[in-house]
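Q: Pasting a structure below so you can have a look.
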Amino acid sequence: MAKFVLTAGHTHSLPTVLIGEGIIRAGHEVASVMVVSPWQLRRAYRLVRQRGAGWLCRRVGLVRRRASMPSSRLDTLASEMGVRSGRIRSWAWRHGVAVKAVKSLNDSEAVTHLEHLIPDAVIYGGGGILRAPFIQAAGNVLNAHAGPLPDVRGMNAAEWAYLLGARREITIHRIDKGIDTGAPISVRALAEKPMDVDDLRELAVMAGVEEMIEVIREGRWRETSPVTNPQQSRQCFVMASAIREVLNWRIQAEP
Amino acid sequence: MLFGKSYKAERATSVVESKRDVYQAALRRVGEWCLRSERATGGSAAYQLPILGWSKSYPETTGYLIPTLLNVATFTGDNRYREAAERHGRWLLNIQSPEGWWAGGLHPNRSRAPSIFNTGQILKGMNALAAESGCEEWDAAAHRAQAWLLSNMQSEGLWPGGDYRASRTPSYYSEVLWPMAARALETNDGQAAERIRGSLQRIVERRTTEGAFRFWGFDESGFGFTHTIAYTIRGLQEGGLLLDDESIYRAPEAALEKMLRVSELRGGRLPGGFQESWMPDTSFMCLTGNAQTALCLLRMESTQSDDLRVVSGAARMLDAVVDRLPVSGAIAGSRPVWGPYMRGRYPNWAAKYVCDALIELDSRLAREVNEWRSSS
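Chains A and B, in that order, give the protein sequences.
Counting in numbering that gives the first Met the number 0, the first sequence tops out at residue 254, every number present.
Counting in numbering that gives the first Met the number 0, the second sequence tops out at residue 375, every number present.
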């Protein structure tokens, strides 16, 4: 039985809960979930500047997430796995898992917590860019990246992969000190055609959750393949609204 | 199914045009502000102050506003912009010295000292009007300006002494060499073209190991506003492209990549300026510098990489300027408006570069849609 620690960028994260559920069902232990506290003014201010006030309203539940979609793909997967919500605290309470709220995953408090637990692997479910002390303390950090590596590194990877004509797949890989430059472990193709950009993102997140659970169940999380020139590909950043609209148009116009 | 497909495509087209609609509306608003900046003399005011109103006309920026107005006229189909460009041109003809130079500073100005940089910028306007109308008068004015600029050039390729605040020719004088290169090619003057190539190479030699250019600011402190940094870059890009010299037009790539990365990490908001060591001043944004850098990125993308990630970076830089556009269409020098670049003022060149960038970005987005449509 291996010991895992999960991270999350918010107290409500359905992908993190689903992966945690998958780990427990595979007969392993979730020692802790480290959640970056969302209730920090500086963080809220930064997020609003980056993603807009509408995003924050949706996150804290002031606005319905997607009015046009009565049930998302992730919700369907959650109900298949018997998970009722993405609330980390209530899921952790049911399974007797400790929840550790931290200001930042790179804080000494978070690193000390990790050193104390000595996990076999940390599953990254959000919480910002990880610095060397955290990665060193964790030993093995796994991430589900929404695009093909090393071709599409960085943010909005599923969207960029689609737009740039790269392979439409997600990659489970180890996190190292670079941005998505760590050794890949496994890939899963996104076979289904999305309806729009939001749907594409959801498909990628769902594939990432499913593949991560499979990698853990099959014990492949200890294996890695060599990385080929990860720094050669241009890093992707948040897609501009105009380019996102181009992508949406392409997805919808594609036969 | 044919109906279904075309309906879908039509609906999708309207989706992609929504952000372009925002850009086009912004262009119209900023363009109207440019028209309002015209003074009774025919020149464009350097800037607008919130209470005191318009400043005197500024020959330098009136000159390089001309190609922008001609482009806006073509883009919008509104002839008022073309007429304004011609009036600006006539005013500039009236105040050109017999030797071919234009004076520095606002007009009228007590010390009518000739200015290399201003003459270069006005040359852009004369070149544009000559190409647009084919009239002899614009051509003759451009010819005199070019002759004066060439006659004052040192054997090492740049100009003796400095201009404005620096004691030596700043690197952003690449923006003078660009219209000179265009003129040399237009008149098939191979000798002038070679001298201009040499001058651009002198500026390329100032590149540091980190990709910055020494003397890229108004003074020699090492600090440059993104406005003058983008001048340096654009002049090298355009001058190098005109002369078909890769060692020149690719020289600012490292600097652009650096600025793109910094901007992306800050949600499209470039710091107001950088030291030559790339130490940023994040206390403000230089709005014209943001728009100018977006233009440089779009130019790099169109000539070298064809990569939508670069277009996205440019769009985010421009979004950071136009997403909070006032109803008047005025673009401040700095954000916050009390920032050190053109403190409390709304310069006409900020509006000019925003118009240029909006047209360039819209054209790039239209190309993306059209190419994909024809390929599918």
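Built from N, CA and C at the ideal position, the CB exists for glycine as well.
Less than 8 Å between the beta carbons of V196 (chain A) and L246 (chain A), yes or no?
A: Indexing the first sequence from 1 puts residue 196 (chain A) at position 197. Indexing the first sequence from 1 puts residue 246 (chain A) at position 247. Yes, they are a contact pair.
Q: In terms of residues, what are the limits of the alpha helix (DSSP H) holding F67 (chain B)?
A: If you number the second sequence from 1, residue 67 (chain B) lands on position 68. A small fix is needed here, since residue 67 (chain B) is Thr in this sequence, not Phe. Where T67 (chain B) is concerned, the enclosing alpha helix (DSSP H) stretches over P58 to T75.
Q: Does G312 (chain B) come within less than 8 Å of chain A when only Cβ atoms are used?
A: One-based indexing of the second sequence puts residue 312 (chain B) at position 313. Yes, because at least one Cβ of chain A sits closer than 8 Å to the Cβ of G312 (chain B).
Q: Would you mind sorting P69 (chain A) into buried or exposed? The rule is 16 or more other CB atoms within 10 Å of its CB.
A: The residue given as residue 69 (chain A) occupies position 70 in the first sequence. Confidence at P69 (chain A) is low in this model, with a pLDDT of 43, below 50, so the placement of that residue should be treated as unreliable; the coordinate-derived value is given next. Per the 10 Å Cβ criterion, exposed.
Q: Where does the unbroken alpha helix (DSSP H) through L116 (chain A) begin, and where does it stop?
A: Translated into the one-based positions of the first sequence, residue 116 (chain A) becomes position 117. Per DSSP, L116 (chain A) belongs to the alpha helix (DSSP H) from S107 to L116.
Q: From the beta carbon of S374 (chain B), is the nearest beta carbon of chain A less than 8 Å away?
A: For the purposes of this step, residue 374 (chain B) is taken as residue 375 along the second sequence, with counting starting at 1. Judged by the 8 Å Cβ criterion, S374 (chain B) is not in contact with chain A.
Q: Can you tell me whether M33 (chain A) is helix, strand or coil according to DSSP?
A: If you number the first sequence from 1, residue 33 (chain A) lands on position 34. Here M33 (chain A) sits in strand by DSSP.
Q: Applying a beta-carbon distance threshold of less than 7 Å, which residues of chain A neighbour K18 (chain B)?
A: The residue you call residue 18 (chain B) lines up with position 19 of the second sequence. Neighbours of K18 (chain B) on chain A, chain order: S240, A241 and E244.
Q: What did DSSP end up calling V245 (chain A) once you bin it into helix, strand or coil?
A: Here residue 245 (chain A) refers to the residue found at position 246 when the first sequence is read from its first residue. Correct three-state label for V245 (chain A): helix.
Q: So with CB distances below 9 Å, who are the chain C contacts of L163 (chain A)?
A: Judged by its chain identifiers, the structure shown contains no chain C, and its protein chains are A and B.
Q: Using 8 Å as the threshold, is the C-beta distance between A139 (chain B) and L357 (chain B) below it?
A: In the second sequence, the residue the question calls residue 139 (chain B) occupies position 140. In the second sequence, the residue the question calls residue 357 (chain B) occupies position 358. No; because the gap between Cβ atoms is not below 8 Å, this pair is not in contact.
Q: Does R152 (chain A) have its Cβ less than 8 Å from a Cβ in chain B?
A: Residue mapping note: residue 152 (chain A) aligns to position 153 of the first sequence, counting from 1. No, no contact with chain B.
Q: Can you tell which of B:T40, B:L51, B:A84 and B:I50 has the C-alpha that lies nearest to the C-alpha of K351 (chain B)?
A: Start at 1 with the first residue of the second sequence, and residue 351 (chain B) comes out as number 352. The shortest C-alpha separation from K351 (chain B) is found at B:A84.
Q: From the beta carbon of R200 (chain A), is the nearest beta carbon of chain B less than 8 Å away?
A: Here residue 200 (chain A) refers to the residue found at position 201 of the first sequence. Closer than 8 Å: no.
Q: Compare the Cα-Cα distances from P183 (chain A) to each of A:V16, A:G146 and A:V96 and report the closest residue.
A: Numbered from its first residue, the first sequence carries residue 183 (chain A) at position 184. With distances taken between Cα atoms, P183 (chain A) lies closest to A:G146.
Q: Taking C-beta pairs closer than 7 Å, name the residues in chain A that R315 (chain B) reaches, listed in chain order.
A: The residue given as residue 315 (chain B) occupies position 316 in the second sequence. Ordered by position in chain A, the residues that pass the 7 Å Cβ test against R315 (chain B) are A239.
Q: Mind checking which residues open and close the beta strand (DSSP E) that includes K2 (chain A)?
A: Translated into positions along the first sequence, residue 2 (chain A) becomes position 3. Residues K2 to A7.
Q: Kindly list the residues whose CB is nearer than 8 Å to the CB of S333 (chain B), restricted to its own chain and excluding five residues on each side of it in sequence; keep chain order.
A: As a working note, residue 333 (chain B) is residue 334 in the second sequence. The residues are G271, F283, M284, C285, L286, P339, Y340, M341 and R342.
Q: Is the Cβ of R41 (chain A) closer than 8 Å to any Cβ of chain B?
A: What you label residue 41 (chain A) is simply residue 42 of the first sequence in a count that begins at 1. For R41 (chain A), the answer is no, since every Cβ of chain B falls outside 8 Å of its Cβ.
Q: Starting from Y46 (chain B), trace the beta strand (DSSP E) in both directions and tell me its first and last residue.
A: By one-based count along the second sequence, residue 46 (chain B) stands at place 47. Y46 (chain B) -> beta strand (DSSP E) spans Y46 to L48.
Q: In whole angstroms, give me the CA-to-CA distance for G125 (chain A) and I171 (chain A).
A: Residue mapping note: residue 125 (chain A) aligns to position 126 of the first sequence, counting from 1. Residue mapping note: residue 171 (chain A) aligns to position 172 of the first sequence, counting from 1. Distance between the alpha carbons of G125 (chain A) and I171 (chain A) is about 14 Å.
Q: Would you say F3 (chain A) reaches chain B, if we count a Cβ-Cβ gap shorter than 8 Å as a contact?
A: Residue 3 (chain A) sits at position 4 when you count from the first residue of the first sequence. So, not an interface residue.
Q: What residues in its chain sit with their C-beta under 7 Å from that of G223 (chain B), if we drop five residues either side in the sequence?
A: Against the second sequence, residue 223 (chain B) aligns to sequence position 224. Cβ within range, chain order: W215, G216, G272 and F273.
Q: Name the residues in the segment 122–146 of chain A whose C-beta lies less than 8 Å from a C-beta of chain B; which are they?
A: Those residues of the segment 122–146 of chain A that come within reach of chain B (Cβ to Cβ, closer than 8 Å) do not exist; the list is empty.
Q: Along the chain, where does the beta strand (DSSP E) containing T170 (chain A) start, and where does it finish?
A: The sequence position of residue 170 (chain A) within the first sequence is 171, counting from 1. First-last of the beta strand (DSSP E) with T170 (chain A): E168 to R173.
Q: Given that N318 (chain B) touches chain A, what residues does it touch there, using C-beta distances under 9 Å?
A: As a working note, residue 318 (chain B) is residue 319 in the second sequence. At residue 318 (chain B) the sequence reads Asp, which differs from the Asn that was named. Here the neighbours are A239, S240 and A241.
Q: Consider the Cβ of E82 (chain B): report whether some Cβ of chain A lies at a distance smaller than 8 Å.
A: The count along the second sequence starts at 1 and reaches residue 82 (chain B) at position 83. Chain A, which has no Cβ nearer than 8 Å to the Cβ of E82 (chain B), makes this no.
Q: Could you tell me which of A:G218, A:E79, A:I117 and A:Q234 sits nearest to V261 (chain B), measuring between CA atoms?
A: Within the second sequence, the letter at position 262 stands for residue 261 (chain B). That would be A:Q234, whose Cα lies nearest to the Cα of V261 (chain B).
Q: Using a Cβ cut-off of 9 Å, pull out every chain A residue sitting near W371 (chain B), in sequence order please.
A: Along the second sequence, one-based indexing puts residue 371 (chain B) at 372. Ordered by position in chain A, the residues that pass the 9 Å Cβ test against W371 (chain B) are V245, W248, R249 and A252.
Q: Is it true that the CB of N347 (chain B) sits closer than 8 Å to the CB of S96 (chain B)?
A: Looking up residue 96 (chain B) in the second sequence gives position 97. Looking up residue 347 (chain B) in the second sequence gives position 348. No.
Q: Kindly give me the distance between the Cβ atoms of L242 (chain B) and S173 (chain B), rounded to whole angstroms, as I take these residues to be in contact under 8 Å.
A: Numbered from 1 along the second sequence, position 243 holds the residue referred to as residue 242 (chain B). Numbered from 1 along the second sequence, position 174 holds the residue referred to as residue 173 (chain B). About 12 Å separates the two Cβ atoms, so there is no contact after all.
Q: Looking at C-beta atoms only, is the number of pairs between the segment 148–155 of chain A and the segment 104–114 of chain A that lie closer than 8 Å three or more?
A: Touching, no.
Q: Mind listing the chain A neighbours of E263 (chain B)? Cutoff is C-beta to C-beta under 8 Å, in chain order.
A: By 1-based counting over the second sequence, the position of residue 263 (chain B) is 264. Here the neighbours are F236 and V237.
Q: With burial defined as no fewer than 16 other Cβ atoms inside 10 Å of the residue's Cβ, what is the status of L51 (chain B): buried or exposed?
A: Here residue 51 (chain B) corresponds to residue number 52 of the second sequence, with the count starting at 1. Burial call: exposed.
Q: With DSSP as the reference, label N142 (chain A) as helix, strand or coil.
A: Taking the first residue of the first sequence as 1, we reach residue 142 (chain A) at position 143. Here N142 (chain A) sits in strand by DSSP.
Q: Can you tell me where the beta strand (DSSP E) holding A165 (chain B) begins and where it ends?
A: Here the question's residue 165 (chain B) lines up with position 166 in the second sequence. Careful: A165 (chain B) lies outside any beta strand (DSSP E) and carries neither H nor E.
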